[in-house]
Amino acid sequence: MATRPSKKEFADWINTLTGSEVMTEKKLDQILFNAKKSVQKQGMNGLFEYMRQLLGLPISDEFMQHILERLSSPDGASALFQEFQLNVPAEIRKATKKNNKKK
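Using the numbering used here, the letters of the sequence shown correspond one by one to residues 2 to 104.
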């Protein structure tokens, strides 16, 4: 099983994607805390509302659900990154190859 990236690695990856220093471990901790609190209080609708506020974008619940479903598998995550013209992280590429070998 692939290891999960550390919070620092994830924050660094976000900064790489955005091309600027927008994320720190502390900010990531706060986002994760608020996301968990939103889910506990209002379920997935609460998480979706929190994400809309965080991103400042009018994204529908259906679109966010679609994104979550895609991210739940290596193949879906890889395809999603490619659709958004982003570099597919090495961990996802490895998991996709491993998943495809099982098929």
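All C-beta atoms, glycine included, are put in the ideal place defined by N, C-alpha and C.
Residues near leucine 29 by beta carbon distance below 6 angstroms, same chain, minus five either side
The residue you call residue 29 lines up with position 28 of the sequence shown. Correct list, in chain order: Lys8, Ala12.
Buried or exposed for phenylalanine 34, please, with buried defined as at least 16 other CB atoms from any protein chain shown within 10 angstroms of its CB.
Here residue 34 corresponds to residue number 33 of the sequence shown, with the count starting at 1. Looking at its Cβ environment, which holds fewer than 16 other Cβ atoms inside 10 Å, phenylalanine 34 is exposed.
Considering only the beta carbon of each residue, do phenylalanine 129 and isoleucine 93 sit closer than 8 angstroms?
Any question about residue 129 goes unanswered here, given that the chain covers just 2 to 104.
Please state the DSSP three-state secondary structure of glutamate 22.
Mapped onto the sequence shown, residue 22 falls at position 21. Coil, per DSSP.
Does the beta-carbon of serine 73 have 16 or more other beta-carbons within 10 angstroms, so that it is buried, or is it exposed?
Position 72 of the sequence shown, counting from 1, holds the residue named residue 73. Per the 10 Å Cβ criterion, exposed.
Does the beta carbon of isoleucine 93 fall short of 7 angstroms from some heavy atom of the ligand FMN?
As far as ligands go, the structure on display features none, and thus does not contain the ligand FMN.
Whole-angstrom C-beta distance between phenylalanine 49 and methionine 24, which should lie under 8 angstroms
On the sequence shown, position 23 is the one that residue 24 refers to. On the sequence shown, position 48 is the one that residue 49 refers to. The pair is not a contact, with the Cβ atoms about 21 angstroms apart (cut-off 8 angstroms).
Just to confirm my understanding: we take methionine 52, look at its own chain, exclude 5 residues before and 5 after, and list those with CB closer than 8 angstroms. What are they?
By one-based count along the sequence shown, residue 52 stands at place 51. Correct list, in chain order: Ala36, Ile60, Met65.
Can you give me the C-alpha to C-alpha distance between lysine 103 and valine 89, rounded to a whole angstrom?
Start at 1 with the first residue of the sequence shown, and residue 103 comes out as number 102. Start at 1 with the first residue of the sequence shown, and residue 89 comes out as number 88. For lysine 103 and valine 89, the distance between alpha carbons rounds to 20 angstroms.
How would you write the range of the alpha helix (DSSP H) that asparagine 101 sits in, first residue to last?
Walking along the sequence shown from the start, residue 101 turns up at place 100. Residues 91 to 103.
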